[in-house]
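Residue numbers (my numbering), protein chains in the order written: chain A, 20 to 380; chain B, 4 to 77; chain C, 140 to 410.
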């Protein structure tokens with residue numbers, strides 16, 4: 020079962036796409052995620068599984084190829100990094116409106132604008148709050164290891180097809196570039212055309228003789244129908260919020276103070292917890308795995324258990340802190356600590372920030 | 004001369020009265036009615052049915068596909 | 140023989156394609172979109188590929204083309220129809236895939252997708268309806284707007300460069316009518332490139348033949364974009380009666396955009 024390998028996060032994502040039976044990947048090079056399309060191109064997935072890999076002329080074209088192939092019921096994926104994900108927002112809004120399942124990875128780099136090619140978590144807002152137009156959500160999964168870069172491809176597709184929406188793998192330059200051991204899954208077969216037609220009757224892949232033609236669109240000029248469509252989407256999002264929240268708690272059982280961190284920040288904060296515990300501090304870590312839906316109830320439960328304060332540790336100027344504060348709702352102190360511009364915080368300074376900003380020494 | 008005779012049937016309620024069929028009828032069979040349909044358009048009709056040769060020019064140029072053309076041997 | 144005697148099913152020689160739904164077109168009276176829809180549907184019906192066809196509609200007047208064709212359809216973001224069509228065709232290579240776009244969609248906001256889809260030689264059919272104006276948004280300048288043509292954003296006429304007077308003459312202004320069809324014909328990825336019109340029965344017949352070839356090439360081939368431009372009208376935004384608009388089209392649009400095949404079987408047609 021499985022195959023143990025030493026791989027970059029970006030490579031693990033790409034290999035997982037092949038092994039989990041993706042039908043197509045449409046991408047465009049951008050640092051620090053170009054390894055995804057390079058690896059796929061080198062692997063010849065068309066020969067391995069019949070998976071299509073295409074370098075598009077832009078991120079815009081890539082996401083719209085995903086729109087088309089996804090609308091036809093196939094398992095389709097794209098990936099990019101921050102400025103490229105900006106360009107994908109138009110397509111993502113259409114994908115949300117037309118309810119097309121797909122997976123996209125954002126290997127985040129620093130911004131705003133061209134910013135830097137170094138790791139960052141400053142696209143939390145863009146991905147969890149919706150960077151395109153209209154009332155919509157994308158499922159956002161935050162891998163904190165190369166293993167999760169691999170595993171979340173499967174989880175992403177599962178959720179994307181379950182709810183007919185986009186699933187984002189919100190990584191960062193550190194997770195994408197670092198090498199770790201990873202257990203790769205056995206090769207799963209791609210779905211056959213017949214299986215797709217039977218399983219996804221909504222997909223446009225040629226109507227059956229005598230049946231109604233299918234339409235994939237995000238448009239309706241009838242206000243009543245458009246409101247109905249929006250209510251339907253919100254109902255779906257509500258269900259996702261109720262059923263799909265995922266998180267990890269480390270040393271939280273008796274914790275008085277809790278770090279909240281995802282992705283590479285969670286790896287650092289985990290070390291900060293160890294340092295704090297060694298010094299006799301009752302600190303723990305809440306690692307959200309889904310950033311949307313957010314583990315609001317987990318924070319609520321921690322407060323009810325006696326946690327007195329939270330420190331949101333991010334490679335940003337403070338984005339996830341807003342969701343932490345919403346969950347706290349003023350009951351306990353919640354502050355943000357982050358480094359930006361490509362600088363990654365040290366476990367010591369994170370612990371120091373907890374002492375200064377939350378515990379108040 | 005003509006061994007064929009034609010006729011058209013216009014889906015009056017869907018006709019928008021654009022008149023493109025009128026100018027493209029080689030036999031000047033079609034006119035726009037003085038009356039209007041439910042949408043307020045002066046719809047096309049066979050003003051001179053005897054002249055129709057069933058060439059289908061009107062049907063072919065009609066942007067709304069509202070004209071069906073028939074042709075019978077005399 | 141009375142009219143009633145003639146109008147019988149056995150005498151039927153022409154009717155709307157069964158591959159069109161019963162929904163009336165929302166297009167303005169006399170608009171060429173309806174005619175183009177009709178002949179595409181006729182070709183698909185005649186080729187017997189209704190069950191394996193997937194269309195991609197644009198943003199613009201034809202955005203709801205999906206309501207009229209009784210085939211599976213996706214509606215694309217503005218300008219992205221060729222990318223959406225690429226995505227579909229790459230994962231369903233045996234299906235018949237076509238995009239349908241206007242001039243603003245295909246030749247302005249979607250120029251990048253248009254050129255690269257053509258350059259990759261996707262085995263799809265692209266239908267391009269060029270009426271020299273933005274229809275749906277209310278008659279603004281399109282890349283294909285003629286020089287001197289008045290639109291909502293060129294109320295004094297499109298001027299490639301600023302006119303003489305006040306010392307501004309020669310300064311770049313609205314640019315020139317874009318001949319995107321000639322441009323993509325130069326790309327090795329295009330197989331069949333043609334420009335047609337639908338303002339009278341003879342040209343509708345020619346256009347239908349061209350569209351038929353564009354689909355047959357896709358069905359029989361493995362690669363190469365088959366591209367059909369239709370020079371059409373926009374009587375509402377040209378502010379003319381439908382018949383007058385067609386006359387204006389012949390007198391003004393066709394000299395700028397001459398009709399005929401530009402590339403056949405991958406070879407440029409010598410003029």
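Yeah, the Cβ is synthetic: ideal placement off N, Cα and C, and Gly gets one too. All figures in this text were calculated on a predicted structure; none of them were measured in a lab.
Q: Can you give me the start and stop residues for the beta strand (DSSP E) that residue 112 of chain A sits inside?
A: Start at 1 with the first residue of the first chain, and residue 112 of chain A comes out as number 93. Element bounds for residue 112 of chain A: not the beta strand (DSSP E) but the alpha helix (DSSP H), 101-117.
Q: Less than 8 Å between the CB atoms is what I'm expecting for residue 356 of chain C and residue 365 of chain C, so what's the real figure, rounded?
A: Locating residue 356 of chain C in the third chain gives position 217, counting from the first residue. Locating residue 365 of chain C in the third chain gives position 226, counting from the first residue. In this structure, residue 356 of chain C and residue 365 of chain C form a Cβ contact; the two beta carbons are roughly 5 Å apart against a cut-off of 8 Å.
Q) Is the distance from the Cβ of residue 282 of chain A to the Cβ of residue 140 of chain A below 8 Å? A) Looking up residue 282 of chain A in the first chain gives position 263. Looking up residue 140 of chain A in the first chain gives position 121. Yes, these two residues count as a Cβ contact at 8 Å.
Q | Given residue 31 of chain B as reference, the closest of B:37, B:22, B:38 once Cα atoms are compared | A | Within the second chain, residue 31 of chain B is the residue found at index 28, counting from 1. The shortest Cα separation from residue 31 of chain B among B:37, B:22, B:38 belongs to B:22.
Q. Which residue comes first and which comes last in the beta strand (DSSP E) that contains residue 365 of chain C?
A. Counting from 1 along the third chain, the entry for residue 365 of chain C is found at position 226. Unbroken beta strand (DSSP E) run through residue 365 of chain C: 364-370.
Q) In chain order, what residues of the same chain lie with their CB nearer than 6 Å to the CB of residue 101 of chain A, ignoring the 5 residues before and after it? A) Against the first chain, residue 101 of chain A aligns to sequence position 82. The answer, listed in chain order, is 127, 128, 130, 142.
Q: With 8 Å as the threshold, decide whether the Cβ of residue 217 of chain A is near any Cβ in chain C.
A: Residue mapping note: residue 217 of chain A aligns to position 198 of the first chain, counting from 1. Closer than 8 Å: no.
Q | Exposure label - residue 256 of chain A; buried when at least 16 CB within 10 Å | A | Stepping through the first chain from its first residue, residue 256 of chain A is reached at position 237. Residue 256 of chain A is buried by the Cβ-count criterion.
Q: Please name the residue or residues paired with residue 332 of chain A in a DSSP beta bridge.
A: For this step, residue 332 of chain A is matched to residue 313 along the first chain. Note: residue 332 of chain A sits in a beta bridge opposite A:356.
Q) If you run the structure through DSSP and keep just helix, strand and coil, what is residue 176 of chain A? A) As a working note, residue 176 of chain A is residue 157 in the first chain. Helix at residue 176 of chain A.
Q.
Please list the terminal residues of the continuous alpha helix (DSSP H) segment that includes residue 218 of chain A.
A. Here residue 218 of chain A refers to the residue found at position 199 when the first chain is read from its first residue. Boundaries of the alpha helix (DSSP H) around residue 218 of chain A: 212-218.
Q) On the three-pair Cβ rule with 8 Å, is the stretch 212-230 of chain C touching the stretch 185-199 of chain C? A) Yes, they touch.
Q. Would you report the Cα separation of residue 265 of chain C and residue 73 of chain A, rounded to the nearest angstrom?
A. Within the third chain, the letter at position 126 stands for residue 265 of chain C. Within the first chain, the letter at position 54 stands for residue 73 of chain A. If I take the Cα positions, the gap works out to 20 Å.
Q: Alpha carbon to alpha carbon, how far is residue 208 of chain C from residue 176 of chain C? Give it in angstroms, no decimals.
A: By one-based count along the third chain, residue 176 of chain C stands at place 37. By one-based count along the third chain, residue 208 of chain C stands at place 69. Residue 176 of chain C and residue 208 of chain C: Cα-Cα distance of roughly 8 Å.
Q.
When you compare the CB positions of residue 351 of chain A and residue 332 of chain A, do they come within less than 8 Å of one another, or not?
A. Translated into the one-based positions of the first chain, residue 351 of chain A becomes position 332. Translated into the one-based positions of the first chain, residue 332 of chain A becomes position 313. Contact flag unset, no.
Q. Taking the Cβ atom as the reference point for each residue, do residue 71 of chain B and residue 27 of chain B lie within a distance shorter than 8 Å?
A. The sequence position of residue 71 of chain B within the second chain is 68, counting from 1. The sequence position of residue 27 of chain B within the second chain is 24, counting from 1. It is not a contact, given that the beta carbons lie outside the stated cut-off.
Q.
Looking at residue 21 of chain A: is its Cβ nearer than 8 Å to the Cβ of residue 204 of chain A?
A. Here residue 21 of chain A corresponds to residue number 2 of the first chain, with the count starting at 1. Here residue 204 of chain A corresponds to residue number 185 of the first chain, with the count starting at 1. Yes, the Cβ-Cβ distance between residue 21 of chain A and residue 204 of chain A is below 8 Å.
Q | Residue environment, residue 249 of chain C, which counts as buried when at least 16 other CB atoms sit within 10 Å | A | Walking along the third chain from the start, residue 249 of chain C turns up at place 110. It is buried - the Cβ of residue 249 of chain C has at least 16 other Cβ atoms within 10 Å.
Q.
Counting C-beta neighbours from all protein chains within 10 Å, is the total for residue 65 of chain A 16 or more, i.e. buried, or is it exposed?
A. Along the first chain, one-based indexing puts residue 65 of chain A at 46. The residue in question, residue 65 of chain A, is exposed, as its Cβ has fewer than 16 Cβ neighbours within 10 Å.
Q: On the DSSP bridge assignment, give the partners of residue 234 of chain A in chain order.
A: Start at 1 with the first residue of the first chain, and residue 234 of chain A comes out as number 215. Residue pairing by DSSP places residue 234 of chain A opposite C:212 in a beta bridge.
Q | Interfacial residues, the stretch 212-236 of chain C to chain A, with Cβ spacing under 7 Å | A | Within the stretch 212-236 of chain C, 212, 213, 214, 215, 216, 219, 222, 223, 224, 225, 226, 227, 229, 230, 231, 234 place their CB atoms closer than 7 Å to a CB of chain A, listed in sequence order.
Q | Validate contact between the stretch 224-243 of chain A and the stretch 161-168 of chain A using beta carbons, cut 8 Å, 3 pairs | A | Contact between the stretch 224-243 of chain A and the stretch 161-168 of chain A is absent: fewer than three C-beta pairs spanning the two stretches fall below 8 Å.
Q: Indicate whether at least one CB of chain C lies closer than 8 Å to the CB of residue 45 of chain A.
A: Along the first chain, one-based indexing puts residue 45 of chain A at 26. Yes, because at least one Cβ of chain C sits closer than 8 Å to the Cβ of residue 45 of chain A.
Q) Would you say residue 361 of chain C faces chain A, with C-beta separation under 8 Å as the test? A) For the purposes of this step, residue 361 of chain C is taken as the residue at position 222 of the third chain. So no, residue 361 of chain C is outside the interface.
Q: Give the interface partners of residue 373 of chain A over in chain C, defined as CB-CB distance under 8 Å, in chain order.
A: Here residue 373 of chain A corresponds to residue number 354 of the first chain, with the count starting at 1. Neighbours of residue 373 of chain A on chain C: none; closest Cβ ~45 Å, over 8 Å.
Q) Quick one, which residues of the stretch 195-208 of chain C are near chain A if we go by CB-CB under 9 Å, in chain order? A) The stretch 195-208 of chain C vs chain A, Cβ under 9 Å: 195, 196, 198, 202, 203, 205, 206, 208.
Q.
Can you look up residue 399 of chain C in the DSSP assignment and give me helix, strand or coil?
A. Position 260 of the third chain, counted from the start, is the residue given in the question as residue 399 of chain C. Residue 399 of chain C falls in the strand class under three-state DSSP.
Q: Specify, as a first and last residue, the run of the beta strand (DSSP E) that residue 247 of chain A falls within.
A: Counted from its first residue, the first chain places residue 247 of chain A at position 228. Residue 247 of chain A: not part of any beta strand (DSSP E); member of the alpha helix (DSSP H) spanning 242-262, first to last residue.
Q) Taking C-alpha atoms, which residue in A:329, A:349, A:174 lies nearest to residue 279 of chain A? A) Along the first chain, read from residue 1 onward, the residue named residue 279 of chain A stands at position 260. Considering only A:329, A:349, A:174, the residue with the shortest C-alpha distance to residue 279 of chain A is A:329.
Q: Look at the alpha carbon of residue 140 of chain C and the alpha carbon of residue 184 of chain C, and state the distance between them as a whole number of angstroms.
A: If you number the third chain from 1, residue 140 of chain C lands on position 1. If you number the third chain from 1, residue 184 of chain C lands on position 45. Their backbone Cα atoms lie some 32 Å apart in a straight line.
Q) Of all the CB atoms in chain B, is at least one closer than 8 Å to the CB of residue 350 of chain C? A) Sequence index remark: in the third chain, residue 350 of chain C carries index 211 (1-based). Put simply, the CB of residue 350 of chain C is far from chain B, with every gap to its CB atoms at 8 Å or more.
Q) If you compare alpha carbons, which of C:228, C:368, C:339 is closest to residue 263 of chain C? A) As a position in the third chain, residue 263 of chain C is number 124, starting the count at 1. It is C:228 whose Cα lies nearest to the Cα of residue 263 of chain C.
Q.
Does chain C have any CB closer than 8 Å to the CB of residue 71 of chain A?
A. Here residue 71 of chain A refers to the residue found at position 52 of the first chain. So yes, residue 71 of chain A belongs to the interface.
Q: Using a cut-off of 8 Å between C-beta atoms, extract the partners of residue 185 of chain C located in chain A.
A: The residue labelled residue 185 of chain C in the question sits at position 46 within the third chain. Within chain A, no C-beta atom comes less than 8 Å from the C-beta of residue 185 of chain C; the nearest is roughly 16 Å away.
Q | Reference residue 240 of chain A; option with closest CA among C:190, C:172, C:200 | A | On the first chain, residue 240 of chain A is found 221 positions in, with the first residue counted as 1. Restricting attention to C:190, C:172, C:200, the CA atom closest to the CA of residue 240 of chain A is found in C:200.
Q: Please go through the stretch 144-199 of chain A and give each complete alpha helix (DSSP H) segment of 4 or more residues, from N-terminal end onward.
A: Correct list: 165-182, 192-196.
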